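A.B. asks:
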């Protein structure tokens, strides 16, 4: 993930785009560098705030950072924008369980599947 992150960072320097910032953010997330991941994903969100995957990763980062209210707010956009990526939805549910956040968000993915 480190070399991929570097490639995306170079792309951001040459021609910053929503896609390049998402690439940086996802790779930072995979490297467990949540602060940098959040910054990159926020940059992506500034350029286009209608991408559900960005909100999904922001939800995951908030969950892993024990920011429950922020996680719930981000998750509302995951649902509103109809994330179809089952892997990300399942990861959100798994991280929620791991961090003992209860079931405040568990009913919502069913709505996203419609």
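In our numbering, the protein residues as written are 7 to 120.
Backbone N, C-alpha and C define an ideal beta-carbon position, used for all residues, glycine too.
This one's a predicted model, so the numbers in the text were calculated from it and none came from an experiment.
1) Mind reading off the beta-carbon distance from residue 67 to residue 24? Whole number of angstroms is fine, and I expect it under 8 Å.
2) Report the start-end ranges of each alpha helix (DSSP H) in the stretch 54-114 that is 4 residues or longer and not cut off at the edges.
3) For residue 7, I'd like the list of residues in its chain whose CB is within less than 7 Å of its CB, leaving aside the five on either flank, ordered along the chain.
4) Quick check: the Cα distance between residue 113 and residue 10, rounded to an integer number of angstroms?
5) Let me know the secondary structure DSSP gives residue 23 once reduced to three states.
6) I need the straight-line Cα distance from residue 21 to residue 42, nearest angstrom please.
7) Can you name, in chain order, every residue of its own chain whose Cβ lies under 6 Å from the Cβ of residue 45, other than the five neighbours on each side?
8) From 63, 14, 105, 26, pick the residue whose C-alpha is nearest to that of residue 89; which is it?
9) Report the option in 76, 78, 70, 87 whose CA atom is closest to the CA atom of residue 39.
C.D. replies: Let me lay it out:
1) About 17 Å; that fails the 8 Å criterion.
2) Runs of the alpha helix (DSSP H) inside the stretch 54-114: 58-70, 74-86, 92-104.
3) Leaving aside the five residues that flank residue 7 on each side, the residues in its chain whose CB is nearer than 7 Å to its CB run, in chain order, 33, 36, 37.
4) Interpretation of residue 113 is limited by its pLDDT of 48, a score under 50 that renders its predicted location unreliable; no figure is taken from the coordinates.
5) Judged by DSSP in its simplified three-state form, residue 23 adopts coil rather than helix or strand.
6) Distance between the alpha carbons of residue 21 and residue 42 is about 19 Å.
7) Same-chain partners within the cutoff: there are none.
8) Here the closest residue by C-alpha is 63.
9) Answer by Cα proximity: 70.
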